[in-house]
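Numbering (numbering that gives the first Met the number 0), first residue to last: 0 to 139. Inspection log for the structure reproduced underneath, given as C-alpha cells.
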Amino acid sequence: MKKVLSTILLVSGLNLFANNLITISDTKDICKNSLYSIQKGKVNKAFNDVKKFWPLPPAEIDNVAYQTKVQLDMVSKRFGNAIGIDFIRTKEAGKSFLEHTYILKYENTSIRYICTFYKPSDKWLINSIRWDDKTSLLFE
C-alpha cells in the first residue's frame, strides 16, 4: 500500500519585514528556495527561511520542521536520494489566490510540493505549504 506523505501548514497572515511578497515572482522564489533547502537535507533552514514571514510561534514551526524531517527521511529510504527539483506550474484563482507546484525528484520517484498564497490587499501571504506523493494529480 502506497503511503501518502502530506503536511499542511496553514497560515492566516504574515508579520512581514523589509522583504514583502509583492510580486508573483517573490512568491515563486520563496517556494523554490525552501524546496532547494529541503532537497539538500536542510529542513530546518527551509522552515527558518519561511519563519520570518510566519506569525505562528517559533516552537510550533520548529515542531513542524522536526516532523517534516522525520517523514522525509522515511521517504528517502524508499525513494532514494533527492536529486533535483522541477517547476511544474503556477495557477491563479481570481486575484486573491496563487499556487506554485514543484516536484522534488528522488532516484526512484518524486513528491509534489505545493505552495499556496493569499493576497488580501497589496501583499501575498503564505496560506499553505504541502507535499505528497500524488504525482498522478500533476496531470489534472
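Quick reminder that beta carbons are idealized off the backbone N, C-alpha and C, glycines included. Just so it is clear, the structure is predicted and the values come from calculations on it, not from any experiment.
In the DSSP annotation of this structure, the continuous segment of the beta strand (DSSP E) that includes LEU103 starts and ends at 96-105. The beta-carbon distance between TYR35 and ILE84, rounded to whole angstroms, is 7 Å. This is short enough to meet the 8 Å contact definition. Following the DSSP letters along the chain, one finds THR134 in no alpha helix (DSSP H), marked with neither H nor E. Under DSSP, SER109 shares a beta bridge with LYS104.
TYR65 and ASN43 have their C-alpha atoms roughly 8 Å apart. Here SER109 has ILE102, LEU103, THR134 as same chain residues with Cβ atoms under 7 Å from its own Cβ, once five neighbours each way along the sequence are excluded.
Shown here for ILE87: same chain residues with a beta carbon closer than 7 Å to its own, the five before and five after excluded, namely THR100, TYR101, ILE102, LEU137 in chain order.
When the beta-carbon positions are compared, CYS114 and SER33 come within less than 9 Å of each other. Bounds of any alpha helix (DSSP H) do not take in ILE82; it lies within the beta strand (DSSP E) bounded by 81-92. Note on LYS51: under 16 other CB atoms within 10 angstroms of its CB, so exposed under the neighbour-count rule.
If you ignore the 5 residues before and after ARG77, its C-beta comes within less than 8 Å of the C-beta of ASN107, all in its own chain and listed in chain order.
Judged by DSSP in its simplified three-state form, ILE29 adopts helix. For ASP121, there is no enclosing alpha helix (DSSP H), since its DSSP letter is neither H nor E. In this structure, the alpha-carbon of ILE21 lies about 12 Å from that of LEU97. Going by DSSP, LYS76 is part of the alpha helix (DSSP H) stretching over 57-78.
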